[in-house]
Amino acid sequence: MGAALRRIQLGSALSAFGLGFTVPYLYVYVAQVRDLGAGTAGVVLAVFAMAALAVLPFTGRAIDRRGPLPVLIVAAGAAAVGACALGVSDGVTSAVLSAAVLGAGTAVMQPALATMLVWCSSAATRTRAFAMQFFLQNLGLGIGGLVGGQLVDVDRPSSFTLLFLIEAAMFVVLGVVAATVRMPRAPSLAGTVPADGAAPKAGLRVLLSHRAMVQLCVLGFVIFFACYGQFESGLAAYGTEAAGIDPSTLGVALAANTAVIVVAQFVVLRLVERRSRSRVIAWVGLIWAFAWIVAGYAGLGHGSQTMATAAMISTYALFGLGEAMLSPTVAPLVADLAPESMVGQYNSAFALVKQLALAVGPAVGGPMGASLHGPYIVTFVLFSLGISVLALRLGRHLSPVQDKPSLAAAPSRVVAVSVPGNEPVTAPTVVH
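By full-length UniProt numbering, the letter at position 136 of the sequence shown is numbered 136, and the numbering carries on one by one without gaps.
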């Protein structure tokens with residue numbers, strides 16, 4: 001399945017490249033270029049996020065029933081339509097509706113792509129497949145943002161329309177590339193079909209009864225709340241208000257974050273892929289706690305402005321190191337916990353948890369970062385240490401192969417099927 005994986009990764013990277021063209025400039029486009037005001041821009045950004053919360057609860061079941069490929073193609077088409085419509089929107093209603101379609105389409109693409117990676121990889125290749133996807137998506141976002149920045153002109157609305165049309169074209173390319181992928185047959189359900197021939201159990205009740213998955217979702221919420229949910233809200237507000245850094249420096253800090261991910265991803269992968277996933281995630285919590293302490297020095301340490309700026313850039317870089325460690329651990333773990341008939345639902349549930357954290361994170365962190373500087377740092381140091389504690393607790397409910405896939409004796413498409421309940425059960429290894 002090497003060719004299939006390469007095509008999936010290519011399409012994923014190109015779609016991220018398209019998103020990079022518009023995401024950094026969406027607020028400016030709505031508020032200033034279309035002259036709809038800051039309030040409307042805030043509504044558009046909120047609708048973009050809320051659309052994901054509306055569609056993700058139904059996405060997993062559609063993926064498991066219809067397969068990830070048709071779901072991805074429909075989502076890419078919807079995202080392309082939303083991007084085109086937003087590029088020509090000059091009114092409040094059209095901008096809000098276009099953002100809703102774009103947000104829903106991009107949200108559905110993520111669990112569909114994740115499920116395709118699971119279907120087209122084995123236990124031996126899955127960790128690297130997800131690491132490669134994370135690497136390429138960050139690279140695509142970074143390059144797209146840089147190129148888009150050279151094209152935009154606030155005085156020329158047509159330049160922004162061009163960005164949205166390029167984004168739409170990238171989504172169309174994703175759909176076309178995905179349509180050429182020869183997907184393998186869905187993994188055999190022999191290990192999960194009851195002896196009486198009834199259909200395997202599935203649904204929200206099954207997922208909620210799966211202790212390890214519930215713990216992973218709680219852990220995922222804390223991870224995304226304490227890191228990604230603060231990048232452009234609380235941490236940015238803290239940096240400008242407490243540390244006094246120039247707003248343009250935030251762009252440099254985000255670039256440092258992306259650079260660390262791009263440079264370190266495969267070096268880090270060599271170090272973590274044969275180690276316990278739960279312990280790797282616990283180390284990420286410690287690294288991020290240190291990052292928040294460095295941020296505390298930037299705003300509360302009474303050092304020079306140069307030292308404060310360097311500390312804030314270092315904070316973002318340390319977050320990037322932790323992200324590079326998480327990419328080959330968390331997403332593959334979701335796949336390995338899922339029963340074979342619920343891979344899409346597990347991926348969608350985790351994507352929903354991520355989206356909730358990204359919605360709550362700015363709402364909580366933004367006001368704290370702007371005014372409650374000391375409590376803000378202490379709060380997120382504690383959240384980061386909480387990641388380490390939750391990760392170690394999760395490790396107790398994982399089978400040895402789920403926690404450390406390198407223990408698998410032979411390659412298989414699905415190495416371990418965790419049966420929802422208190423104790424995970426390792427499925428028989430099937431060699432293909």
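Every residue, glycine too, gets a C-beta built ideally from N, C-alpha and C.
Quick caveat, the model's predicted, so the values are computed rather than measured.
Leaving aside the five residues before and after residue 436 along the sequence, list all residues of the same chain whose C-beta is less than 8 Å from its C-beta, in chain order. Residue coverage of the chain in this structure runs from 1 to 432, which leaves residue 436 outside it and unanswerable.
Taking a contact to mean a Cβ-Cβ separation below 8 Å, would you say residue 164 touches residue 36 in this structure? Indexing the sequence shown from 1 puts residue 164 at position 164. Indexing the sequence shown from 1 puts residue 36 at position 36. No.
Contact set for residue 314: own chain, Cβ-Cβ below 7 Å, skip 5 residues either direction: Here residue 314 refers to the residue found at position 314 when the sequence shown is read from its first residue. These residues qualify, in order along the chain: 294.
For residue 296 versus residue 245, is the C-beta distance shorter than 8 Å? Against the sequence shown, residue 296 aligns to sequence position 296. Against the sequence shown, residue 245 aligns to sequence position 245. Taking C-beta atoms as the reference points, residue 296 and residue 245 fail to come closer than 8 Å.
Mark residue 304 as exposed unless 16 or more other C-beta atoms lie within 10 angstroms of its C-beta, in which case mark it buried. Locating residue 304 in the sequence shown gives position 304, where the first residue counts as 1. For residue 304, the number of other beta carbons within 10 angstroms of its own is below 16, and it is reported as exposed.
Does DSSP classify residue 368 as helix, strand or coil? Position 368 of the sequence shown, counting from 1, holds the residue named residue 368. Assignment of residue 368 by DSSP, reduced to helix, strand and coil, places it in the helix class.
Are the Cβ atoms of residue 388 and residue 286 separated by less than 8 Å? Taking the sequence shown and counting its residues from 1, one reaches residue 388 at position 388. Taking the sequence shown and counting its residues from 1, one reaches residue 286 at position 286. Contact: yes.
Which residue wins for smallest C-alpha separation from residue 393, given the options 379, 323 and 216? Numbered from its first residue, the sequence shown carries residue 393 at position 393. Of the candidates 379, 323 and 216, 216 places its Cα closest to the Cα of residue 393.
Helix, strand or coil at residue 273 [DSSP, three-state]: Residue mapping note: residue 273 aligns to position 273 of the sequence shown, counting from 1. In the structure shown, residue 273 falls within a coil segment according to DSSP collapsed to helix, strand and coil.
Are there 16 or more other CB atoms within 10 angstroms of the CB of residue 302, so buried, or fewer, so exposed? The residue given as residue 302 occupies position 302 in the sequence shown. If you draw a 10 Å sphere on the C-beta of residue 302, you find fewer than 16 other C-beta atoms in it, and that means exposed.
Threshold first: 4 residues or longer. Then list the alpha helix (DSSP H) segments lying entirely within the stretch 33–99, N to C. DSSP assignment within the stretch 33–99 yields the following whole alpha helix (DSSP H) runs of 4 residues or more, N-terminal first: 37–66 and 68–88.
Can the beta-carbon of residue 291 be found less than 8 Å from the beta-carbon of residue 385? For the purposes of this step, residue 291 is taken as the residue at position 291 of the sequence shown. For the purposes of this step, residue 385 is taken as the residue at position 385 of the sequence shown. The Cβ atoms of residue 291 and residue 385 do not sit closer than 8 Å to each other.
Can you tell me whether residue 258 is buried or exposed? The criterion is at least 16 other CB atoms within 10 Å of its CB, across all chains shown. Locating residue 258 in the sequence shown gives position 258, where the first residue counts as 1. Counting C-beta atoms within 10 angstroms of its own C-beta, residue 258 has 16 or more neighbours from the protein chains shown and is therefore classed as buried.
Mind listing, in chain order, the continuous alpha helix (DSSP H) runs of no fewer than 4 residues lying wholly within the stretch 239–293? The stretch 239–293 contains these whole alpha helix (DSSP H) runs: 247–272.
Give me the Cα-Cα distance between residue 26 and residue 41, rounded to the nearest whole angstrom. Here residue 26 is taken as the residue at index 26 of the sequence shown, counted from 1. Here residue 41 is taken as the residue at index 41 of the sequence shown, counted from 1. Residue 26 and residue 41: Cα-Cα distance of roughly 8 Å.
Among the candidates 172, 115 and 179, whose CA atom is the shortest distance from the CA of residue 62? On the sequence shown, position 62 is the one that residue 62 refers to. Ranking 172, 115 and 179 by Cα distance to residue 62 puts 115 first.
Which residues mark the beginning and the end of the alpha helix (DSSP H) in which residue 157 is found? Locating residue 157 in the sequence shown gives position 157, where the first residue counts as 1. Per DSSP, residue 157 belongs to the alpha helix (DSSP H) from 157–179.
Buried versus exposed, by CB contacts within 10 Å (16 or more), residue 22: Counted from its first residue, the sequence shown places residue 22 at position 22. Taking every protein chain shown into account, the CB of residue 22 has 16 or more other CB atoms within 10 angstroms, so this residue is buried.
Residue 69 vs residue 181 beta-carbon contact at 8 Å: For this step, residue 69 is matched to residue 69 along the sequence shown. For this step, residue 181 is matched to residue 181 along the sequence shown. Yes; because the gap between Cβ atoms is below 8 Å, this pair is in contact.
Chain-order list of residues whose beta-carbon lies under 7 Å from that of residue 151 (same chain, five-residue window excluded): Within the sequence shown, residue 151 is the residue found at index 151, counting from 1. Closer than 7 Å at Cβ, skipping near neighbours: 159, 162 and 163.
Where are the alpha helix (DSSP H) runs, 4 residues long or more, that stay fully inside the stretch 297–328, in chain order? Here the runs fully enclosed are 305–326.
I'd like the list of long-range same chain contacts for residue 88, defined as Cβ closer than 7 Å, with 5 residues on each side in sequence excluded. In the sequence shown, residue 88 corresponds to position 88, counting from 1. If we look at residue 88 and ignore the five residues flanking it on each side, its Cβ neighbours are 161.
Using the C-alpha atoms, what's the distance from residue 183 back to residue 3? Here residue 3 refers to the residue found at position 3 when the sequence shown is read from its first residue. Here residue 183 refers to the residue found at position 183 when the sequence shown is read from its first residue. Those two C-alpha atoms are separated by around 10 Å.
What did DSSP end up calling residue 336 once you bin it into helix, strand or coil? Locating residue 336 in the sequence shown gives position 336, where the first residue counts as 1. Helix.
Residue 243 and residue 298 closer than 8 Å at C-beta: The residue you call residue 243 lines up with position 243 of the sequence shown. The residue you call residue 298 lines up with position 298 of the sequence shown. In this structure, the beta-carbon distance from residue 243 to residue 298 falls below 8 Å.
Classify residue 15 as helix, strand or coil using the three-state DSSP reduction. Numbered from its first residue, the sequence shown carries residue 15 at position 15. Here residue 15 sits in helix by DSSP.
Grab me the residues of residue 127's own chain with a C-beta within less than 7 Å of its C-beta, minus the 5 sequence neighbours each way, in chain order. To locate residue 127, count along the sequence shown from 1; it is residue 127. 273, 328, 332 and 405.
Who are the near neighbours of residue 148 in its chain, counting only those whose CB is closer than 6 Å to its CB and skipping five residues on each side? What you label residue 148 is simply residue 148 of the sequence shown in a count that begins at 1. Closer than 6 Å at the Cβ level, and outside the excluded window around residue 148, lie 21 and 163.
Distance between residue 179 and residue 11 (C-alpha atoms, nearest Å): On the sequence shown, residue 11 is found 11 positions in, with the first residue counted as 1. On the sequence shown, residue 179 is found 179 positions in, with the first residue counted as 1. Taking the straight line joining both Cα atoms gives about 10 Å.
Between which two residues does the alpha helix (DSSP H) containing residue 436 stretch? No answer is possible for residue 436: the residues shown for the chain start at 1 and end at 432.
For the alpha helix (DSSP H) that residue 153 lies in, which residues bound it at each end? On the sequence shown, residue 153 is found 153 positions in, with the first residue counted as 1. From DSSP, residue 153 is part of no alpha helix (DSSP H); its letter is neither H nor E.
For the candidate residues 140, 370 and 278, whose alpha-carbon lies nearest to that of residue 262? One-based indexing of the sequence shown puts residue 262 at position 262. Closest in alpha carbon position to residue 262, among 140, 370 and 278, is 140.
Let's test the definition: count the other Cβ atoms within 10 Å of the Cβ of residue 98 and tell me whether it reaches 16, buried, or not, exposed. Indexing the sequence shown from 1 puts residue 98 at position 98. So residue 98 ends up on the buried side.
Do residue 144 and residue 279 have their beta-carbon atoms positioned less than 8 Å apart in this structure? Residue numbering aside, residue 279 sits at position 279 when the sequence shown is read from its first letter. Residue numbering aside, residue 144 sits at position 144 when the sequence shown is read from its first letter. No, these two residues do not count as a Cβ contact at 8 Å.
At the level of alpha carbons, what is the spacing between residue 80 and residue 391? In the sequence shown, counting from the first residue as 1, residue 80 sits at position 80. In the sequence shown, counting from the first residue as 1, residue 391 sits at position 391. Near 38 Å, if we compare the C-alpha coordinates of residue 391 and residue 80.
Identify whether residue 231 lies in helix, strand or coil by the three-state DSSP scheme. Against the sequence shown, residue 231 aligns to sequence position 231. Residue state for residue 231 is assigned as coil, using DSSP reduced to three classes.
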